[in-house]
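Chemist: Can you read through this structure? Questions will come right after.
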């Protein structure tokens, strides 16, 4: 295990993207968002993505320094075309637009299409919550067919993330952010590189056998080599039986079909689509009942007696806040195989050996 201090990790990852044609501003933005995912404990959406992003850039699937287009723009609704720019460039612009429209109209919706990997959706919910807004996000990853629907053994869905953010004045927001599969694809990636093992039965083979072996998704692979989920024969399972499978379908239809991005399909290029709704509680609730009732109910929720073996009842975001504090203080732990793959990618784009050594010094 390698532990890298937060600022050094951001600097190193930014150096990688600067050497891969991103502007200094974009490179640092990508590095910051990826590192933030690690800080919150979502290693699947963190710096482990660096080799994948650079491979996509090399293959022409991602365009550095891209400028979004807004083909539909009304007072309360817009369509954002990311034009296959990095998700860490497209995402903040789309969310900022949604926030601006919501503050003007009380309610807004943004349909984002053709974005590169848009990262941890909780980032966007937190961005809206910081402005006092509730937000709801339905996401697809077109071209990333990974998940078997309930009752099936063949891939038909992306991991189709769903996210809701609710502001709490003076406190961390409530942020519910999850893939509608048993695990996100990135968690299979983490497991394949020597990180946390998959939960029992996370994957399903063509014959219906349940498994935790990442090779079922990626096929045979070397520890530090690239991963290609098209080489695998199995699928990730939808979570929660018919409920998770149904929610995944809705994410595909809203995040994919409604946005114009397209729901996931084998012959589509990879692109995230995201349908986001923003709500200003102050417009709905001029008497300001909302804030107090959120505080009361969260306290009531957390006051439930813990089950045997459980320290405390938590709300979404509690674990992330704890992990963020620990890793901010102590550094970001990365499996040796993950760090080796990042370092090799850095060397491939021309980052100096001095910079590699400085990252872990």
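Numbering (the working numbering), first residue to last: 16 to 376.
Here a beta-carbon is modelled for each residue, glycine too, at the ideal position from N, C-alpha and C.
Of the choices 257, 212, 16, 301, whose alpha-carbon is the least far from that of residue 167?
Modeler: Taking the chain shown and counting its residues from 1, one reaches residue 167 at position 152. Taking only the C-alpha atoms, the option nearest residue 167 is 257.
Chemist: Using 8 angstroms for Cβ pairs, my map puts residue 156 next to residue 174. What's the rounded Cβ distance?
Modeler: Mapped onto the chain shown, residue 156 falls at position 141. Mapped onto the chain shown, residue 174 falls at position 159. Right, their Cβ atoms sit about 6 angstroms apart.
Chemist: Mind checking whether residue 83 and residue 293 have CB atoms under 8 angstroms apart?
Modeler: In the chain shown, the residue the question calls residue 83 occupies position 68. In the chain shown, the residue the question calls residue 293 occupies position 278. Taking 8 angstroms as the Cβ cut-off, residue 83 and residue 293 do not qualify as a contacting pair.
Chemist: Taking DSSP as the reference, what is the three-state secondary structure of residue 92?
Modeler: The count along the chain shown starts at 1 and reaches residue 92 at position 77. Residue 92 falls in the strand class under three-state DSSP.
Chemist: Looking at the secondary structure, which residues open and close the alpha helix (DSSP H) in which residue 64 lies?
Modeler: On the chain shown, position 49 is the one that residue 64 refers to. Segment: none, residue 64 is in no alpha helix (DSSP H) and carries neither H nor E.
Chemist: Quick check on the DSSP output: the alpha helix (DSSP H) that includes residue 339 runs from which residue to which?
Modeler: Residue mapping note: residue 339 aligns to position 324 of the chain shown, counting from 1. Note, residue 339: alpha helix (DSSP H), 333-345.
Chemist: Is DSSP giving residue 179 helix, strand or coil here?
Modeler: To locate residue 179, count along the chain shown from 1; it is residue 164. Strand, per DSSP.
Chemist: Would residue 195 and residue 92 qualify as a contact pair, given that the criterion is a beta-carbon distance under 8 angstroms?
Modeler: Indexing the chain shown from 1 puts residue 195 at position 180. Indexing the chain shown from 1 puts residue 92 at position 77. Contact flag unset, no.
Chemist: Does the beta-carbon distance from residue 328 to residue 319 come in below 8 angstroms?
Modeler: Here residue 328 refers to the residue found at position 313 of the chain shown. Here residue 319 refers to the residue found at position 304 of the chain shown. Yes; because the gap between Cβ atoms is below 8 angstroms, this pair is in contact.
Chemist: Nearest to residue 185 by alpha carbon, out of 306, 95, 55?
Modeler: One-based indexing of the chain shown puts residue 185 at position 170. The option with the nearest alpha carbon to residue 185 is 306.
Chemist: Please name the residue in 300, 55, 189 whose C-alpha comes closest to that of residue 143.
Modeler: Within the chain shown, numbered from 1, the residue matching residue 143 stands at position 128. Taking only the C-alpha atoms, the option nearest residue 143 is 189.
Chemist: Pick from 193, 116, 220, 236: whose alpha carbon is nearest that of residue 135?
Modeler: Position 120 of the chain shown holds residue 135. Nearest C-alpha to residue 135: 193.
Chemist: Quick check on DSSP: helix, strand or coil for residue 280?
Modeler: As a working note, residue 280 is residue 265 in the chain shown. Coil at residue 280, not helix or strand.
Chemist: Counting beta carbon pairs with one atom in the segment 357-369 and one in the segment 220-230, are three or more of them shorter than 8 angstroms?
Modeler: As far as the Cβ criterion goes, the segment 220-230 does not touch the segment 357-369, which means the pair count is below three.
Chemist: Kindly list the residues whose CB is nearer than 7 angstroms to the CB of residue 103, restricted to its own chain and excluding five residues on each side of it in sequence; keep chain order.
Modeler: For this step, residue 103 is matched to residue 88 along the chain shown. Taken in chain order, the residues that qualify are 44, 45, 48, 134.
Chemist: By Cβ distance, which residues of its chain are closer than 6 angstroms to residue 146, with the 5 residues on each side in sequence left out?
Modeler: Within the chain shown, residue 146 is the residue found at index 131, counting from 1. Answer for residue 146: 114, listed in chain order.
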